[in-house]
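In this text, residue positions in the sequence shown follow the numbering used here: the first is 5, and each later residue adds one.
Beta carbons: idealized from backbone N, C-alpha and C, even for Gly.
Data block below; observations after.
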Amino acid sequence: MKTHKASAKRFRVTGNWKIVRRRARKQHLLAKKNAKRRNRLSKMIVSKSLSEPIRSHKDLDKDSVPFYHKAVKFYEGLSKQLVNQGHVLDVFACALDQVGLAELKVAVERTGGLVVLAESFGHSVFKDSLRRVFQSSDYDLGLSFK
């Protein structure tokens, strides 16, 4: 009787002449689900539940923020990739509530970027800052993209 290569990989014969299934060489596709879930949770800044309030400065001082350290670690890794590829991270955010800039601070600083945080997109500080970023002069390298 001929054995096929595929079945020879999946099964083996023991010393008692029993046929047993070998262990899988690769993990099952569903086994990676936990790793994906862990990666997704490491990028979280706040809980998805609306009943749980967003962290405050007092929470940061007390070090009682569940997602802060994981998010900072994620953005540190992201900043390394950005620096290696020669990118700069600029953040333009407008909100009356917190937007997670404490976590993003590491990536913005390491890439040499800038942060503009205003109350709304119609605020004069936001509009003036956005104009200055894209404004070109005689002394620049011509890198202001339009």
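Residue i (DSSP reduced to helix, strand or coil)
i    : result
R16  : strand
V24  : strand
L34  : Residue placement at L34 cannot be trusted, given a pLDDT of 47 that sits under 50; what the coordinates show is reported in the next sentence. Here L34 sits in helix by DSSP.
L96  : Leu is not the amino acid found at residue 96; the sequence shown has Phe there. F96 falls in the strand class under three-state DSSP.
L121 : strand
L64  : helix
D132 : helix
Y81  : A small fix is needed here, since residue 81 is Gly in this sequence, not Tyr. Helix, per DSSP.
Cα-Cα separation between residue i and residue j, rounded to whole angstroms
i    : j   : result
L121 : R25 : 60 Å
S133 : H73 : 30 Å
D65  : I58 : 14 Å
R114 : K77 : 13 Å
V87  : T18 : 54 Å
For residue j and residue i, believed in contact at Cβ under 8 Å, the rounded distance
i    : j    : result
F125 : C98  : 5 Å
G117 : L82  : Wrong, their Cβ atoms sit about 12 Å apart, outside the cutoff.
Y79  : V110 : 5 Å
A75  : E107 : 4 Å
The ligand PLP heavy atom lying under 6 Å from the CB of residue i
i    : result
F130 : By its list of ligands, the structure shown contains no ligand whatsoever, and the ligand PLP lies outside what it can speak to.
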